[in-house]
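Q:
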Amino acid sequence: MNKSRFIKNRRAVNNNIIMLTILAFVLIFGIGHIAYANSSAKNSYEKTYISYEIKEGDSLCSVADQFKLPGVKSQEFITEVKTINNLKNDTIHTGCYLIIPVYTLQ
């Protein structure tokens with residue numbers, strides 16, 4: 197009788213271990229999937245470029261304020277615009293064109 201009871205208890209313990217292992221994998225996979233989905237949603241911007249005609253009174257700072265994403269520092273955007281347009285300084289001229297990166301939410 198003791199051997200029979202031991203076998204039943206052992207099977208119950210094994211079943212519990214298997215169920216806990218499966219539950220742990222499901223939780224880990226679920227949490228990882230949610231974290232990945234959230235990080236992907238935050239960074240789902242598409243970068244395109246436009247040609248922008250400089251108007252009187254425009255500066256790189258005003259252009260940055262018009263086109264940069266919220267949370268991006270103006271100086272970072274200005275540096276990107278200067279690099280794209282091969283500008284050596286902050287001087288821009290009315291009537292000339294700049295290539296501007298535009299970020300749109302996908």
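In the numbering used here, the protein residues as written are 197 to 302.
No residue lacks a Cβ here, since even glycine has one placed at the ideal position from N, Cα and C.
None of these values were measured; they are calculated from a predicted model.
Please specify which runs of the beta strand (DSSP E), each continuous and at least 3 residues long, are wholly inside the region 207-260, giving them in chain order.
A: Qualifying beta strand (DSSP E) stretches, in chain order: 241-249.
Q: Compare the C-alpha of Val277 against each of Gln302, Thr300, Tyr248 and Pro266 and name the closest.
A: Of Gln302, Thr300, Tyr248 and Pro266, the residue nearest in Cα terms is Tyr248.
Q: With DSSP as the reference, identify every bridge partner of Ile295, one or two as the case may be.
A: Partner(s): Ser247.
Q: Can you tell which of Ser255, Ile246, Leu223 and Val222 has its C-alpha closest to the C-alpha of Ile288?
A: When only C-alpha atoms are compared, the closest one is Ser255.
Q: Alpha carbons only, please: which of His229, Gly291 and Leu223 is nearest the one belonging to Glu252?
A: When each option's Cα is compared against that of Glu252, the closest is Gly291.
Q: Our contact map puts Ile295 next to Tyr245 with C-beta atoms below 8 Å; I'd like the distance itself, whole angstroms only.
A: Yes, Ile295 and Tyr245 are in contact; Cβ-Cβ is about 5 Å, under 8 Å.
Q: Tell me the DSSP bridge mates of Thr300?
A: Glu242.
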